[in-house]
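First the structure, in the form of structure tokens, and then the observations on it.
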Amino acid sequence: LVCSIVCSTKAMAVLRILALCIFAAGAVSAFSPSLSTQGLACLRKPRGICKMSSDAQVGSASSPNTADWNSVVDRIFASDQRPVILYDGVCNLCNGGVNFMLDWDNPNASKGTFRFAALQSDVGKALLQRGGRAPDDLSSIVLATKDGNTYTESEAILRIGQGLGEGTVLWPIAPLASGLALKLVPRFIRDPVYHYISENRYKFFGISEECRLMDDRFDERFIPEP
1 LVCSIVCSTK
11 AMAVLRILAL
21 CIFAAGAVSA
31 FSPSLSTQGL
41 ACLRKPRGIC
51 KMSSDAQVGS
61 ASSPNTADWN
71 SVVDRIFASD
81 QRPVILYDGV
91 CNLCNGGVNF
101 MLDWDNPNAS
111 KGTFRFAALQ
121 SDVGKALLQR
131 GGRAPDDLSS
141 IVLATKDGNT
151 YTESEAILRI
161 GQGLGEGTVL
171 WPIAPLASGL
181 ALKLVPRFIR
191 DPVYHYISEN
201 RYKFFGISEE
211 CRLMDDRFDE
221 RFIPEP
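Residue numbers (this note's numbering): 1 to 226.
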């Protein structure tokens with residue numbers, strides 16, 4: 001029992017550190033949206049969809065029908081089995097989180113562990129529907145895998161953490177710490193913090209006028225629109 005308490009305490013500490021790193025990266029991006037340096041993916045006008053209407057920003061744009069989203073999902077994983085992270089493309093905090101994940105996911109390799117797509121994109125809407133979520137649901141980061149699993153909220157954050165760090169100083173600390181927190185810290189403890197930040201992200205960090213769909217330095221890791 002004592003050992004479990006100690007391990008749980010350590011796991012919570014690790015979880016706080018990981019969360020602070022991601023949210024700090026988001027905060028930096030939110031307050032300095034034009035920041036672009038070596039190793040930091042810059043926010044820019046994407047190729048394809050650039051300007052987002054107010055309706056698209058809140059997720060009320062039209063979505064693919066059932067037949068369409070099934071074909072989109074098939075195409076996403078047809079030749080590439082890497083998991084896909086879905087993020088809010090107009091959220092400054094979320095874009096900072098994307099920067100953080102890109103910088104710590106084997107940044108010097110052509111391919112990382114993860115691929116990315118905006119929740120507002122057709123790719124994002126298709127994967128949301130595959131996971132049983134509404135196509136206009138922007139309430140959570142999503143991790144979608146080839147085997148059909150869809151992870152959200154703190155579960156998604158920690159499973160992403162398990163795949164980060166390769167090729168950086170975080171390896172193998174990030175995967176081990178995230179796995180420990182995933183096993184020892186229950187969701188009813190993890191999720192409330194995530195909910196608070198997610199529900200207030202626009203208020204605290206603002207909204208971008210453009211939806212980020214691609215990035216010059218990491219094109220291989222962003223899924224193009226069908």
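Where is the CB? At the ideal position from N, CA and C, for every residue including glycine.
Candidates the options: closest to residue i by CA position
i           : options               : result
residue 83  : 133, 157 and 136      : 157
residue 163 : 102, 218 and 69       : 102
residue 212 : 202, 104, 223 and 203 : 223
residue 189 : 154, 203 and 128      : 154
residue 150 : 137, 139, 169 and 127 : 127
residue 174 : 183, 184 and 160      : 160
residue 139 : 69, 89 and 70         : 89
residue 256 : 99, 185, 94 and 145   : With the chain covering only 1 through 226, there is no way to say anything about residue 256.
residue 74  : 130, 219 and 184      : 130
residue 100 : 137, 195 and 170      : 170
residue 182 : 198, 152, 196 and 202 : 152
residue 219 : 197, 184, 148 and 111 : 111
Nonlocal neighbours in the same chain, by C-beta distance under 8 Å from residue i, ignoring five residues either side
i           : result
residue 172 : 165
residue 115 : 80, 82, 83, 84, 85, 221, 222 and 223
residue 132 : 150
Counterpart residues of residue i in DSSP-defined beta bridges
i           : result
residue 115 : 84
residue 98  : DSSP output for residue 98 lists no bridge partner at all.
residue 222 : 116
residue 143 : 85 and 151
Start-to-end residues for the beta strand (DSSP E) that takes in residue i
i           : result
residue 181 : That residue, residue 181, is in no beta strand (DSSP E); its alpha helix (DSSP H) goes 173-184.
7 Å Cβ shell around residue i - same chain, five flanking residues per side excluded
i           : result
residue 167 : 106, 107, 108 and 109
residue 146 : 77 and 81
residue 135 : 63, 125, 128 and 129
For residue i, the first and last residue of its enclosing alpha helix (DSSP H)
i           : result
residue 123 : 122-130
residue 192 : 187-199
Beta-carbon contacts of residue i that lie in its chain and below 6 Å, excluding the five residues immediately before and after
i           : result
residue 209 : none
residue 118 : 89, 124, 211 and 213
residue 144 : 84, 127 and 150
residue 113 : 105 and 163
residue 194 : 153 and 154
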